[in-house]
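Asks:
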Amino acid sequence: MTTARIRAPSNPPPIQWLVVFEAAATHRSFKLAASALNVSPPAISQHIKSLEEWLGMALFNRRARQIELTTEGEFYYEIAAELVRTHKQGYQDFIRRFQQRSLRVSASLFIAQELMIPNYLSFSDYAEDVELRIEARSSYVDFETEPLDAAVRFGVGDWPDLESRLLCKVQLVPVCSPKYACENSVNTLDDLRHYRLISPSEDTRLWHRVLGEEAVTNGDILVCDSYLAAVKSAAEGLGVTLALLPSTNLWIKDGRLVRFLDVAIPTDYGYWMVSPKQSEQRKEVEAFYFWISSLFESLDSVK
């Protein structure tokens with residue numbers, strides 16, 4: 004599209020056009036922007052056309068199968084993106100302050116399903132008048148744009164913009180199903196390279212730590228989409244995975260998993276409770292910290 008340059012009006016364009024423009028520029032697609040905003044692609048195209056006519060210049064170069072921002076579009080995208088970010092953050096602050104008392108937290112699928120949800124009712128012992136809302140997810144929460152107050156994360160605690168409190172350190176233990184252990188045997192860690200390894204994600208750094216990168220790259224490895232899927236795959240006899248202790252102690256205690264090799268490998272990793280450094284929910288976050296700490300302590304006592 005070519006739009007003749009004319010002098011833009013002194014007043015800014017309707018703000019709803021910037022929301023549409025930001026979505027189209029972010030996705031580099033009118034179709035994906037339409038899906039994100041729950042409108043039709045023609046509606047997106049018409050809003051962009053109206054904005055370009057208002058500004059008197061093209062914001063996108065249209066090609067057969069894609070769109071690209073023009074130089075002017077790149078500049079205006081920064082304006083629109085900042086406006087949308089400010090609105091989202093302001094809305095989340097509004098929700099946190101004026102909605103009913105609730106605490107929104109996130110955790111990995113395994114921690115949410117295996118630890119938090121089974122003990123959900125005990126949270127009232129720490130904050131009896133607060134509703135706890137748990138979101139299970141595989142990605143880290145963005146506290147600036149999402150209505151969450153705290154999270155349980157797995158890592159080394161290197162999140163300088165957040166308050167991070169260690170819940171427990173993690174050890175790695177090779178585990179498999181009882182049947183798999185009976186049918187196979189290992190004497191050393193190096194022997195594990197001859198068996199199918201199960202990873203909770205495409206990131207196989209934990210196995211690299213145990214066996215070395217070359218052994219993992221050249222070996223038989225089953226990649227799952229979560230830690231929960233990895234331990235379930237091991238429990239079904241599909242191979243060997245690295246259990247994160249103490250979080251998986253219950254699975255070992257009840258016999259769903261057994262140690263394939265009697266070793267425990269220390270790591271720098273751990274489970275952490277993280278939260279924004281400045282929070283409207285400080286009292287509730289403190290209650291959550293003491294509750295989740297008690298749950299991890301109970302896991303550590305399971306042998």
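The numbering used here puts the first residue of the sequence shown at 4, with every later residue one more than the last.
Built from N, CA and C at the ideal position, the CB exists for glycine as well.
#1: Using only CA atoms, which one of 170, 56, 32, 289 lies nearest to residue 248?
#2: How many whole angstroms separate the CB atoms of residue 199 and residue 223, which I take to be in contact at a CB cut-off of 8 angstroms?
#3: Excluding sequence positions up to five away, which residues of its chain have a Cβ less than 8 angstroms from the Cβ of residue 7?
#4: Express the C-alpha separation of residue 121 and residue 97 in angstroms, rounding to a whole number.
#5: Would you call the segment 172–182 in contact with the segment 254–262, where contact means no fewer than 3 C-beta pairs closer than 8 angstroms?
#6: Can you tell me whether residue 4 is buried or exposed, with buried defined as 16 or more other CB within 10 angstroms of its CB?
#7: With DSSP as the reference, please indicate the residues paired to residue 64 in a beta bridge.
#8: Have a look at residue 151 and residue 280 and give me their C-alpha separation to the nearest angstrom.
#9: Just the C-alpha distance for residue 230 and residue 113, rounded to the nearest angstrom, thanks.
#10: Does the segment 12–29 come close enough to the segment 40–50 that 3 or more CB-CB pairs lie under 8 angstroms?
#11: For the candidate residues 145, 37, 185, 302, whose alpha-carbon lies nearest to that of residue 172?
#12: Hey, out of 133, 93, 196, 66, whose CA is closest to residue 215's CA?
#13: Inspect the CB distances between the segment 127–140 and the segment 75–91 and report whether three or more fall short of 8 angstroms.
#14: Below 8 angstroms between beta carbons: does that hold for residue 129 and residue 290?
#15: For residue 188, is the classification buried or exposed, using 16 other Cβ atoms within 10 angstroms of its Cβ as the cut-off for buried?
#16: Could you work out which residue in 297, 164, 201 is closest to residue 244 when comparing CA atoms only?
#17: Grouping DSSP H, G and I as helix and E and B as strand, with all else coil, what is residue 172?
#18: Going by DSSP in three states, residue 80 sits in which element: helix, strand or coil?
#19: Should residue 83 and residue 21 be called a contact, given that it needs their Cβ atoms to be closer than 8 angstroms?
#20: Apart from the five residues just before and just after residue 2, which ones in its own chain have a Cβ nearer than 6 angstroms to its Cβ?
#21: Use the C-beta contact count for residue 17: other C-beta atoms within 10 angstroms, 16 or more gives buried, fewer gives exposed.
#22: In three-state terms, what does DSSP make of residue 96?
#23: Keeping to the same chain, check which residues put their C-beta closer than 8 angstroms to that of residue 87; ignore five residues upstream and five downstream.
#24: Within 10 Å of its beta-carbon, does residue 286 have 16 or more other beta-carbons around it, so buried, or fewer, so exposed?
#25: Kindly list the residues whose CB is nearer than 8 angstroms to the CB of residue 166, restricted to its own chain and excluding five residues on each side of it in sequence; keep chain order.
#26: If the criterion is Cβ atoms closer than 8 angstroms, does the pair residue 110 and residue 67 meet it?
#27: Where in the segment 142–203 do unbroken runs of the beta strand (DSSP E), each at least 3 residues long, occur, reported from the N-terminal end onward?
#28: Contact defined as beta carbons within less than 8 angstroms: I believe residue 225 pairs with residue 240. What is the distance between those atoms, to the nearest angstrom?
#29: For residue 176 and residue 246, which I take to be in contact (beta-carbon distance under 8 angstroms), what is that distance rounded to the nearest angstrom?
#30: How would you call residue 269, buried or exposed, if buried means at least 16 neighbouring beta carbons within 10 angstroms?
#31: When DSSP labels each residue in this structure, what does residue 213 get in the three-state scheme?
Replies: To lay it out plainly:
#1: 170
#2: 5 angstroms
#3: The pLDDT assigned to residue 7 is 49, lower than 50, so where the model puts this residue is not dependable; a value taken from the coordinates is nonetheless given after this. Excluding positions up to five away in sequence, the list reads 59.
#4: 31 angstroms
#5: yes
#6: Its pLDDT being 45, under 50, residue 4 is placed unreliably by the model, and the measurement read from it follows with that caveat. Under this definition residue 4 is an exposed residue.
#7: 71
#8: 13 angstroms
#9: 6 angstroms
#10: yes
#11: 302
#12: 196
#13: no
#14: yes
#15: exposed
#16: 201
#17: strand
#18: helix
#19: yes
#20: Examination of residue 2 is not possible in this model, given that the chain is present from 4 through 306 alone.
#21: exposed
#22: helix
#23: 21, 22, 25
#24: exposed
#25: 277, 278, 279, 280
#26: no
#27: 153–158, 165–179, 200–202
#28: That belief does not hold up - the Cβ atoms of residue 225 and residue 240 are roughly 12 angstroms apart, past 8 angstroms.
#29: 5 angstroms
#30: exposed
#31: helix
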